[in-house]
Each structure stands twice: as structure tokens, then as C-alpha cells.
DNA sequence: GTTTGATGTCACGACTTTGTCACATCTATC
DNA sequence: GATAGATGTGACAAAGTCGTGACATCAAAC
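Chains as they are written, first to last, in our numbering: chain A, 10 to 261; chain B, 10 to 261.
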């Protein structure tokens with residue numbers, strides 16, 4: 010049990026006396042300088058079953074994202090170094106981060122219209138102070154709108170079907186055999202299709218982070234995944250992006 | 010009585026002067042903050058032969074579900090922390106819980122349409138106050154509709170037949186001998202086919218939970234079950250999913 | 001009291017998975 | 001086309017996972 014937690018991306022949430030385990034958790038990055046709000050938000054979204062990591066300023070956020078791409082960013086608009094608005098624009102322009110949904114946190118309601126007017130590409134806005142319920146609701150709504158596959162039990166992309174509850178991968182009704190790591194890797198790819206991930210980011214999201222593994226190991230597992238998919242010619246979906254990493258894509 | 014209830018998922022129900030034993034009871038989680046209603050519903054559905062566990066709020070419900078996945082959830086729509094509607098939506102999106110049928114409890118009839126309009130994925134609705142018989146009927150109906158095998162007395166999957174009342178397993182009219190634990194294990198598998206269960210989950214559902222047993226014991230009983238099934242070549246339905254657990258499946 | 005059958009634990013061996021490495025192949029650039 | 005850097009590929013040892021038979025214990029039945 011403890012071993013699993015180290016090796017696999019399982020989130021353990023302690024609530025009172027018992028532990029909850031979450032497979033392949035959704036990662037949320039919170040960028041906020043006020044420690045009090047950070048703590049409150051952190052608690053809230055951990056309770057809701059997400060994995061959170063925090064940054065107090067844009068510089069820290071950049072470092073955090075380089076290590077691990079989040080599935081959603083909560084971004085305060087007043088930050089010590091760069092304004093949240095500017096940073097959101099930057100994120101939406103860069104290839105690596107443009108797909109990540111952003112929820113902006115604003116201090117007062119009357120700023121909301123001003124910020125909205127600036128249109129820096131955020132997917133939703135929430136004004137402080139907000140209730141726990143409101144935040145959870147907005148996170149869920151944004152994730153459902155922008156990344157519907159994240160919470161699906163059966164993911165079917167162009168005939169390649171991954172079923173989590175029966176732990177099976179089928180291609181045009183042919184069952185495909187693969188190891189646990191390849192299964193997790195494919196799951197991550199299918200829930201994050203059309204996006205490029207570096208080896209380090211894949212190690213973080215598929216292997217669970219905090220693991221010191223040679224990045225070239227990812228290459229080998231990519232190879233094994235391709236081998237598992239090649240009998241039904243789905244290996245062409247696992248694409249190499251030279252100099253950057255890998256991508257799962259149905260195009261080309 | 011107390012020992013039986015702890016070690017095995019056997020429910021003892023007293024009717025008049027005699028005890029009735031129910032194998033592998035259906036687990037129902039009730040989420041409701043009013044203690045009076047909770048008590049009444051608890052009594053009602055225990056009488057009907059189900060096993061109930063209660064939660065006063067959504068936070069408690071989460072803990073309860075993490076320990077043991079129920080077969081049905083009775084969900085009040087007004088709860089202290091998160092509204093029942095929101096929680097129902099959450100449950101229906103997460104892979105672990107999406108297949109669990111939900112019956113919503115509403116305080117007054119005139120709210121019913123409003124709630125129904127929100128369509129949070131509940132399988133049925135019932136308005137307070139309700140009669141004992143009505144609740145029992147709806148539970149039965151929902152279970153029959155969503156998990157037909159759970160309420161069956163005889164389950165037949167591809168020639169493998171399990172008869173609960175006569176406590177017998179036959180394969181193509183050949184009687185198969187197995188121990189009580191293997192029988193319960195097979196029953197659980199056949200009512201939850203095509204899904205992978207970890208050793209911990211099997212211990213919880215087949216052994217009755219709250220028991221500190223070495224997880225490897227599950228392996229041994231899987232072995233005994235396979236041995237019992239192998240004469241008629243049904244052992245191939247009991248499949249190992251490396252790194253995850255076991256699955257009962259007619260495929261491959 | 002003895003027998004019988006069921007059950008949980010253990011030890012051993014077979015098998016699978018996994019990270020690393022060495023070498024082959026490819027690609028961009030000069 | 002020569003070069004350097006990046007990626008693909010097969011092999012391997014170590015670690016992990018699972019199957020299997022044996023055994024001690026316990027409770028019920030005789």
C-alpha cells in the first residue's frame with residue numbers, strides 16, 4: 010500500500026480517520042500570494058479529490074509548470090511580480106500551456122467587469138470572498154467544459170477504446186495486451202490528446218512524480234506502448250515531437 | 010449474531026420469532042442530515058433485507074464510499090455542506106461511483122419538478138413523507154432496472170449457473186463443489202462482471218469488511234475458486250489483472 | 001473425543017514488469 | 001555527406017507479482 014503511493018500517481022486524501030485513494034488525480038495549480046487564501050483553497054480542492062500545488066508568484070508558477078503541467082490553473086489577478094492578467098495572456102499564447110483552463114480570482118466584484126473586458130483568455134472568473142461550494146462548482150464546470158474526457162470511465166478515440174473499470178484496451182473490438190505502466194500512459198495520453206508533453210512531465214503525471222528515474226525510460230515505455238498498439242495500427246497515434254517530447258494525436 | 014455480521018456479509022433479519030439469513034446483502038448508503046428520517050429509513054430498509062450505512066453530510070458520505078462502494082445511494086437534496094444535487098452530479102461523473110444508482114429524497118412534492126429539471130443523473134425520486142412500502146418498492150425497482158443481477162435468485166452467465174436459494178453452482182448441468190467463501194466470491198463476481206476489483210475491495214465486499222486479513226488470502230481463494238470451476242473450463246472467466254486485482258469476464 | 005471440512009498464512013517457484021544500458025537509426029545543420 | 005544530437009530498439013538483471021501446495025488452526029458434526 011505505501012509502496013503503491015510512491016510509485017504510482019495515486020492521491021491519498023486523509024479525511025478524519027480514513028484514507029481515500031484517487032487514481033491518476035486531476036492536478037490543479039494555484040497561484041496566489043496571500044497565504045490564508047492559499048490554505049483555504051488548498052484544503053477545499055483537496056477535499057474535492059484534486060491534487061493541488063501552489064505558487065506564491067508568477068516566477069514560482071513558471072517553475073512549477075515546467076515540472077508538471079496542471080489540468081487547471083487558479084490565478085489571482087494581483088500578484089507580487091507580474092499581474093495575473095498578463096500571465097494569463099502569456100499562458101494562452103504558449104504552445105505548452107494554451108490548453109490549460111484558467112480560473113481568475115478577483116478581489117472585488119466591481120473589478121470583475123474590468124478584468125473581463127480585458128479578455129486575457131481565462132475560462133471563468135470568481136470573486137473573493139467565495140464559498141467552498143462555489144469554487145468546487147466552478148472547477149467542476151470548467152473541467153467538464155474544457156476537458157470532458159478527464160472524468161470519463163470509457164474513453165473511445167477513433168475506435169481505440171480504453172475502459173477503466175474493466176481495465177481493458179480494445180481496438181475495433183480486438184483486445185490489446187499491455188503492462189500497467191503502458192495502460193496508465195495511454196490513459197494519460199487519451200485524456201490529454203493533441204498536446205505535447207516532455208519526458209519530465211510524463212514522468213510526473215504517469216509515474217507520480219517525486220521519482221528519480223532516467224528520462225530515457227519514458228522512451229522505452231513509449232516503445233512498449235507502440236508495440237502493444239501496432240497490431241491494430243494505432244501506434245501511429247503515439248507521435249514523437251523531436252526536441253520536445255511525445256503527443257497522442259489522431260491527426261497525420 | 011454479532012460475529013457473523015462482522016466477518017461475513019451476512020445480514021440477519023428478525024421477523025416475528027425466527028431469524029432469516031440473507032447472503033451477500035445489497036449495500037445501501039443513506040445520506041441525510043435529519044436523524045429522525047435516518048432512523049426511520051434505516052429501519053425500513055434493514056427490514057427489507059438490505060444493509061445500510063449512514064452519512065449525515067457529504068463529507069461523511071465520501072469517507073463511507075471510500076471504504077466500501079455501495080450498490081445504491083439514497084440522497085437527500087438538502088444537506089449541510091454540499092447540496093445533494095451537486096453531489097449527485099459529482100458521483101455520476103467519477104469513475105468509481107458513476108454506476109451507482111441514486112434515489113433522491115425531496116422534502117416537498119412541489120420541489121420535485123424543479124429538481125427533476127436539473128437532471129443531475131438520479132435514477133429515481135421520492136418525496137418526503139413517504140411510506141415504508143413506497144420506499145421499499147422504489148429501491149427494488151431501481152435495483153432491478155440498473156443492476157438486474159443483484160436481485161436475481163438464479164444467475165446464469167454463459168452456462169455457468171449460480172442458484173442462491175439452493176446454494177448450488179452448476180456448469181452445463183454439472184454440479185460444481187466449492188466452499189462457502191468461494192461461493193460468495195463467485196456470487197460477487199457474477200453480479201459485478203466485467204469490472205476489476207482490488208484485493209482490498211474484494212475483502213470488503215466478499216469477506217464483509219472491518220477485517221484485518223492478509224490481502225494475499227484473496228489469491229488463495231481465487232485459486233480455490235478456479236480449481237472448482239476448471240473441470241468445466243469456466244476457470245478462464247476468473248481473470249487476473251496484474252497490478253490491479255481480479256475480474257470476472259466472459260471475454261477472452 | 002474424534003473426525004471432517006473450511007480458512008488464513010506461509011514459503012517457494014514461475015512468471016511479468018521495469019529501469020538501465022549499448023548500439024542502431026534517424027534528423028537537422030553545416 | 002559528415003557530424004552531432006536526438007530517438008528507436010533489443011537485451012538484461014533486479015524487483016515485483018502471482019500461482020500453488022502444504023500446514024496449522026478452528027469450529028461444527030458425529
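Note that the Cβ used here is the ideal one computed from N, Cα and C, for glycine as well.
Item                                                                                                               : Value
Listed by chain order, chain B residues near residue 142 of chain A by CB distance under 9 Å                       : 90, 91, 92, 95
Cutoff 8 Å: residue 4 of chain A Cβ touching any chain B Cβ                                                        : For residue 4 of chain A there is no data in the structure shown, the boundaries of chain A being 10 and 261.
CB contact check: residue 36 of chain B to chain A, cutoff 8 Å                                                     : no
Test item: CB-CB of residue 149 of chain A and residue 114 of chain A under 8 Å                                    : no
For residue 69 of chain A, the three-state DSSP class (helix, strand or coil)                                      : helix
Straight-line gap, residue 47 of chain A to residue 100 of chain A (C-alpha atoms, nearest Å)                      : 21 Å
Chain B residues whose Cβ lies nearer than 9 Å to that of residue 138 of chain A                                   : Result: empty, since nearest Cβ-Cβ is about 17 Å, beyond 9 Å.
Which of helix, strand or coil DSSP assigns to residue 254 of chain A                                              : strand
Contact list for residue 180 of chain A against chain B, beta-carbon separation under 8 Å                          : Within chain B, no residue comes near residue 180 of chain A; the closest Cβ sits about 13 Å away, beyond 8 Å.
Which listed residue (B:165, B:145, B:96) has its alpha carbon closest to that of residue 35 of chain B            : B:145
Status (buried if at least 16 other CB within 10 Å, exposed otherwise) for residue 79 of chain B                   : buried
Chain B within 8 Å of residue 237 of chain A, Cβ atoms only                                                        : no
Residue environment, residue 97 of chain A, which counts as buried when at least 16 other CB atoms sit within 10 Å : buried
For residue 165 of chain B, three-class secondary structure by DSSP                                                : strand
Pairwise C-alpha distance: residue 89 of chain B and residue 64 of chain A                                         : 32 Å
Integer Cβ distance of residue 38 of chain A from residue 82 of chain A, believed to fall under 8 Å                : 5 Å
Reduced DSSP category for residue 49 of chain A - H, G, I as helix; E, B as strand; rest coil                      : helix
Chain B contact for residue 146 of chain A (CB, 8 Å cutoff)                                                        : yes
Cα-Cα separation, residue 239 of chain B to residue 187 of chain A                                                 : 26 Å
Contact the stretch 155–165 of chain A vs the stretch 213–231 of chain A: 3+ CB pairs below 8 Å                    : no
Assumed close pair residue 112 of chain A, residue 85 of chain A - CB separation to whole angstroms, cut-off 8 Å   : Actually they do not touch by this definition, with Cβ atoms about 10 Å apart.
Residue-chain proximity (residue 65 of chain B, chain A), Cβ-Cβ < 8 Å                                              : no
Minimum Cβ-Cβ distance from residue 77 of chain B to chain A less than 8 Å                                         : no
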